[in-house]
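Undergrad: First the structure, which I've put down as structure tokens, then a few questions once you've had a look.
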Amino acid sequence: MAVPLVSQLCALLGNQHFPSQLASILSNHKVNESYESKDHLVLRIEASICTKDAPHSPPDTILLDDETDENAPLTPRSIQNEEAHPPKRHKTVSGLRPSRHLQPAGTTVESPEPDQSGDTSSTEDQSTVSRSVRQVHSDTGFPQRRKAGQDYAAPVLEPTSTDKLIAGIWRQMYSPVKLSRTPAVAEPTINIRTGVSGDVFRAVNTLCMKYYNQSQSSRALEMIVQAYWIECYEARIAVIRLENPHLSSTEARMTALKEACAVLNWKEKDLRNRMAIWRGYKEIKDAGGWPALIFASCGVYRFCKYRTGFGEGFSTRLRHIRSSLEVAADTLHPEWRDLLHVIGQGDTRRQYHGHPHEWVTVTGEPALPLHATYAHLNRPNGFHYRFIDECVLDTTVFGEEDPRRVPDLDPDVCQVCKSKQADDVEQNQCSCFLALFGGVKGPAPVQIFSTASGKNNGVVARVNFDRGAAIGEFVGLITNGISGVDVMVGGTKGRTYQIYQGEMGNFTRFINHSCRPNSQFQRFYWRGQERIIVVSRGVVAGREITVDYSDHYWKQLNKVCLCEELCCRFGGSNRQ
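Residues in the sequence shown are numbered consecutively from 1185, following the working numbering.
If you want it as structure tokens, here you go:
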């Protein structure tokens, strides 16, 4: 037996017991004496993809038991021991698991909204529907990021130039930048050369932000004018040809170039070089609208100069998200239209008002008001939903005592990282979920969109959410004893509460179910209070955010799951 070859197989399979297993097989299966010396033994290793109900492998099969499951949620302890012991595969159905002891006695709820699943009949069994509940299981750990050098994920393709451009547009869109048509010279209100005291440092930070906003505004104004120059240049060529029919297209173009160089005081070669970049600005504007150009990052200059991304599909991709960009721009940065005054187009009216999630984006079409997408519910007063940032306590049920508060927990210590928790950003030391707690908060980079699979509305990610990152908190009315509606159950046995999102809440209400989710509901204790948050398992920008509602939830419903995953547990023939 070739010892080096066996060692290589041992390392390749990740199984330290492989040599002993191979030796046992050889001892039990003697080679036939009729074999000639030129014959060889052949070792064949077979593997197959099995479901959780598949029969066990035969005794002679060599199993690889040290593989890693990227979708399996990781506990803090497993993350700490990851360097010493490679993570093993754990079969998990979802981040939401049924927990019988969490369901309060006498509490019944109904099926999710029509955008979460499809009906199997025109009339529902109300007695069956009234027993379903979305339950959060607290034993599942947060899907945290792996340490450097321990990433066993399959290699992925590098993003293209177009991907980077679109990603930069969305990052800028959800940044705190404030655009202004007439930036003024910003000066500090105090002497910033008297030492770096707290007041001086705050003044310098304020000054830095002001000039950052001015820089972004000036850059946006520059691109607006240059893109508009290309339009005027092409229009001027057409006018010259009408006035001088004897001139050819090339002669008319040269005449327009000479007129521009005389005013710009540039050489013709310099203007031609700049025109190539300006023409790229115009193409971005034509495909994605003015917001696509105004909120493009600094990489747009290089993108237009080398034109590496102006291939087939570029304009189509921008046209598909054009209305989505305009919704985000109008609701997050309503001042952006003032920049168009520089080219005489400042009279364009703002199309989208209110909260960013009050509009449902549609691919390639104008966005729709949220209430218009629920007209099929036939409610007497229509569909009304109020977006809130924090949960509202039902004082008629709990009085002034918040049921999420755990008496035995220290409100100043994080239960995960054991660091100090404080609402003040300067005092807080807990960095578990800074996007939600203890850090600078911003608008969630997600949008409500119209699905094409019959689920009505869903939530799409506009930026990448790394594994273990918080997407949002599940907020709504904190109450108890509700039946006949869809609620989230929290707390422990003897101390339960419900979060109802029927009339108020945030975008988490519209997150759809999937039997192969890319995020999960999870408990987190902030300042001594239990919070229900949505944690990413690795969500790519442009993908729908999904969670698993748990087996318990679906088994109470007379509906069919529409996730369309190959592992779907409650779709059509898989309905149990």
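All residues carry an ideal CB built from backbone N, CA and C; glycine is no exception.
All values reported here derive from a predicted model rather than from experimental measurement.
Would the stretch 1538–1556 count as touching the stretch 1507–1524 if we require 3 or more Cβ pairs under 8 angstroms?
TA: yes
Undergrad: How far does the alpha helix (DSSP H) with VAL1484 in it reach, from first residue to last?
TA: 1484–1490
Undergrad: So the candidates are MET1672, THR1680, ARG1355; which of them puts its Cα closest to the Cα of GLY1686?
TA: MET1672
Undergrad: If you run the structure through DSSP and keep just helix, strand and coil, what is GLN1400?
TA: In the structure shown, GLN1400 adopts helical secondary structure according to DSSP, grouped into three states.
Undergrad: Which residues in the same chain as ALA1653 place their Cβ atom closer than 6 angstroms to its Cβ, once the five residues preceding and following it in sequence are excluded?
TA: SER1720
Undergrad: Taking the DSSP output, what are the residues bridged to TYR1709?
TA: GLU1714
Undergrad: Under 9 angstroms, do ILE1632 and LEU1554 count as touching if we go by C-beta distance?
TA: yes
Undergrad: Check whether the stretch 1748–1756 touches the stretch 1691–1707, counting contact only when three or more Cβ pairs, one atom from each stretch, lie closer than 8 angstroms.
TA: yes
Undergrad: Compute the Euclidean distance between the alpha carbons of ALA1419 and LYS1394, then round it to the nearest angstrom.
TA: 38 angstroms
Undergrad: Alpha carbons only, please: which of TYR1737, PHE1202, ARG1355 is nearest the one belonging to ALA1725?
TA: ARG1355
Undergrad: SER1615 and GLY1626: beta carbons closer than 9 angstroms?
TA: Not a contact, by the Cβ cut-off of 9 angstroms.
Undergrad: Given SER1364, which residues of its chain have a CB within under 6 angstroms of its CB, disregarding the five upstream and five downstream residues?
TA: Excluding sequence neighbours, SER1364 sits near SER1401.
Undergrad: Would ASN1690 be called buried (16 or more neighbouring beta carbons within 10 Å of its own) or exposed?
TA: buried
Undergrad: My guess is that GLY1464 and LEU1502 are in contact by the Cβ rule of under 8 angstroms, so how many angstroms apart are they, rounded?
TA: About 12 angstroms separates the CB atoms of GLY1464 and LEU1502; that is not less than 8 angstroms, and the two are not in contact.
Undergrad: Run the CB neighbour count on ALA1551, radius 10 Å, all protein chains shown included, and call it buried at 16 or more, exposed below.
TA: buried
Undergrad: Roughly how far, in whole angstroms, is the beta-carbon of PHE1705 from the beta-carbon of VAL1731, given that I think they are within contact range, below 8 angstroms?
TA: Between VAL1731 and PHE1705 the Cβ distance is about 6 angstroms, and since that is below 8 angstroms, they are a contact.
Undergrad: How would you write the range of the beta strand (DSSP E) that ILE1549 sits in, first residue to last?
TA: Reading off the sequence, residue 1549 comes out as Glu, not Ile. First-last of the beta strand (DSSP E) with GLU1549: 1549–1553.
Undergrad: Note down the Cα distance separating LEU1620 from PHE1571, rounded to an integer number of angstroms.
TA: 16 angstroms
Undergrad: When you compare the stretch 1709–1716 with the stretch 1594–1609, are there three or more beta-carbon pairs, one atom per stretch, that lie closer than 8 angstroms?
TA: yes
Undergrad: Report yes or no: do the stretch 1630–1647 and the stretch 1346–1361 share at least 3 C-beta pairs separated by less than 8 angstroms?
TA: yes
Undergrad: Between which two residues does the alpha helix (DSSP H) holding THR1434 run?
TA: First-last of the alpha helix (DSSP H) with THR1434: 1433–1448.
Undergrad: Based on DSSP bridge pairs, tell me the residues matched to SER1720.
TA: SER1703
Undergrad: Of all the options TRP1520, HIS1525, VAL1526, which has the alpha carbon lying nearest to the alpha carbon of GLN1535?
TA: TRP1520
Undergrad: According to the neighbour-count rule (16 or more other Cβ atoms, all chains shown, within 10 Å of its Cβ), is ILE1209 buried or exposed?
TA: exposed
Undergrad: Along the chain, where does the alpha helix (DSSP H) containing PHE1582 start, and where does it finish?
TA: 1579–1582
Undergrad: Can you name the start and end residues of the beta strand (DSSP E) that ALA1619 belongs to?
TA: Unbroken run through ALA1619: none, as it is neither H nor E.
Undergrad: Ordered along the chain, which non-local residues of its own chain (more than five positions away) have a Cβ less than 6 angstroms from that of SER1499?
TA: ALA1471
Undergrad: Let's see if you can read the secondary structure: which residues bound the alpha helix (DSSP H) around VAL1546?
TA: Unbroken run through VAL1546 is the beta strand (DSSP E), 1543–1546; no alpha helix (DSSP H).
Undergrad: What residue range is occupied by the uninterrupted alpha helix (DSSP H) comprising ARG1463?
TA: 1452–1478
Undergrad: Below 7 angstroms CB to CB, which residues in the same chain sit around HIS1525 once its five sequence neighbours on both sides are set aside?
TA: ARG1365
Undergrad: Smallest Cα separation from LYS1602: which of PHE1708, THR1557, ASP1514?
TA: Ranking the options by Cα distance to LYS1602, first place goes to PHE1708.
Undergrad: Cα separation between PRO1343 and GLU1427?
TA: Near 48 angstroms, if we compare the C-alpha coordinates of GLU1427 and PRO1343.
Undergrad: Starting from SER1345, trace the alpha helix (DSSP H) in both directions and tell me its first and last residue.
TA: 1345–1357
Undergrad: Identify the residues that DSSP records as bridge partners of GLU1728: which are they?
TA: VAL1644
Undergrad: What residues in its chain sit with their C-beta under 6 angstroms from that of ALA1512, if we drop five residues either side in the sequence?
TA: MET1357
Undergrad: Alpha carbon to alpha carbon, how far is GLY1379 from ASN1389? Give it in angstroms, no decimals.
TA: 14 angstroms
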